[in-house]
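First the structure, in the form of structure tokens, and then the observations on it.
In our numbering, the protein residues as written are 4 to 361.
Here it is in structure tokens:
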């Protein structure tokens, strides 16, 4: 566990005093360790010793560390099950999550979930089924819902979504639910109202650097390490992922901005080059990179140092207020991309919105 020392101290004090909320919402930027902190908290409450940190040596700590504790349930976004029968869909979801856990045991430095992955009704029913069981070890049970904003409540029936809300409103005795999200506003208000929020900030560059020096193999040269730390901008996840994929997303974002600033013909030409399917993956990565570029441009206009290169034309043309409005348009497009939307149309509309804002 890297960083967030003060948050960990507060959580440890609450756990020792038996005042830990049963439903906690960990919110913060991507890659700062929200789900890792949730696992740390699981170790803390399940550890055979009561201290400020999990001992890391007892049987329960080792089981949690290996994602093998019977009373730890980590639910992550997965592709929507294909089975039409609800029970078979739950079994399919359980198998998919088990496969993800196996991958994370083998490769703890995992990336973001696939853009098409979500928490479908099958996942919610699986969580409800797990919560109805008694503790295998006879102690507490911990349920982690990673990327909780990917919950899909709109299907033919609201039964499962309502069951999740009821589960969070009246959690079983001895249970702890930890939800994580980059943006709490993407969660249903009724879910937010049932959780105690804990906000995580970005890590210090020294913390990111220390993690990369310890964990990356082969080790990076000094210049490459400096570049990774800068690209991470306080996020270990972003620093680890700062590779060709991230570079492609940044280049795509720069090309879109160039097209926006060049006029309507260039904007539509760029939209038509976008594949009319798969509004996730590389497409959403480009939108994320676009938001980061606009954010750095806004910082530059306010006299603050940015983390990434910004197209000079953007700095010359757009005031800080216009850049902030453009960021709002990108955020709206990013949210729309989570649904069943044609990326060509979305990009064409976004191009118009950005041209108007800038």
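Glycine residues also receive a C-beta, built at the ideal position from the N, C-alpha and C atoms.
When secondary structure is reduced to three states using DSSP, residue 360 falls in the helix class. Around the beta carbon of residue 267, fewer than 16 other beta carbons lie within 10 angstroms, which makes this residue exposed. Residues 174, 178, 179, 180 of the same chain have their beta carbon placed closer than 8 Å to that of residue 25, with the five preceding and five following residues left out of the count.
Residue 313 is not a Cβ neighbour of residue 291, given a cutoff of 9 Å. Nearest Cα to residue 333 within the set 315, 293, 347, 348: 293. Burial is judged here by how many other beta carbons sit within 10 angstroms of a residue's own beta carbon; residue 315 has fewer than 16 and is exposed. Setting aside the 5 residues that flank it on each side, residue 64 is surrounded in the same chain by 46, 50, 57, 58, each with a C-beta closer than 7 Å to its C-beta; the list follows chain order. In the DSSP assignment, residue 116 falls outside any alpha helix (DSSP H) and carries neither an H nor an E. Taking 9 Å as the cut-off, the Cβ atoms of residue 261 and residue 34 do not count as close. A straight line joining the alpha-carbon of residue 324 with that of residue 73 spans about 51 Å. Between the C-alpha atoms of residue 129 and residue 97 there is a straight-line separation of about 7 Å.
By the C-beta criterion, the segment 137-151 is judged to be in contact with the segment 38-45, since at least 3 inter-stretch pairs fall below 8 Å. In this structure, DSSP gives residue 80 a state outside helix and strand, which the three-state scheme calls coil. With fewer than 16 other Cβ atoms inside 10 Å of its own Cβ, residue 305 counts as exposed. Non-local C-beta neighbours of residue 134 in its own chain, meaning closer than 7 Å and more than five positions away in sequence, comprise 146, 170, 175, 178, ordered along the chain. Judged by DSSP secondary structure, residue 232 falls within the alpha helix (DSSP H) whose first and last residues are 225-235.
In summary, residue 192 is exposed, with fewer than 16 beta-carbon neighbours lying within 10 Å of its beta-carbon over all protein chains present.
A check of alpha carbon separations from residue 109 across 69, 142, 127 identifies 69 as the nearest. Residue 294 sits in a helix when the DSSP states are folded into three classes. Distance from the Cα of residue 82 is smallest, within the candidate group 66, 90, 99, 94, for 99. With contacts defined by Cβ atoms closer than 9 Å, residue 84 and residue 92 form a contacting pair.
In the DSSP assignment, residue 29 falls outside any alpha helix (DSSP H) and lies within the beta strand (DSSP E) extending over 26-30.
Non-local C-beta neighbours of residue 356 in its own chain, meaning closer than 6 Å and more than five positions away in sequence, comprise 332, ordered along the chain.
Residue 253 and residue 295 have their C-alpha atoms some 9 Å from each other.
Taking all protein chains shown into account, residue 106 has fewer than 16 neighbouring C-beta atoms within 10 Å of its C-beta and is therefore exposed. As the crow flies, the alpha-carbon of residue 317 is around 40 Å from that of residue 27. DSSP places residue 200 inside the beta strand (DSSP E), whose first and last residues are 199-202. Take the alpha-carbon of residue 335 and the one of residue 263: they are about 17 Å apart. The shortest CA-to-CA distance from residue 301 to any of 285, 320, 289 is the one to 320. Shown here, residue 144 sits in a strand according to DSSP, grouped into three states. Within the DSSP bridge table, the entry for residue 122 names 154 as partners.
For residue 193, the enclosing alpha helix (DSSP H) starts and ends at 192-195.
Taking the CA atoms as reference points, residue 116 sits about 21 Å from residue 256.
By the 16-neighbour rule on beta-carbons within 10 angstroms, residue 225 is exposed. Here the C-alpha atom of residue 214 lies approximately 44 Å from the C-alpha atom of residue 87.
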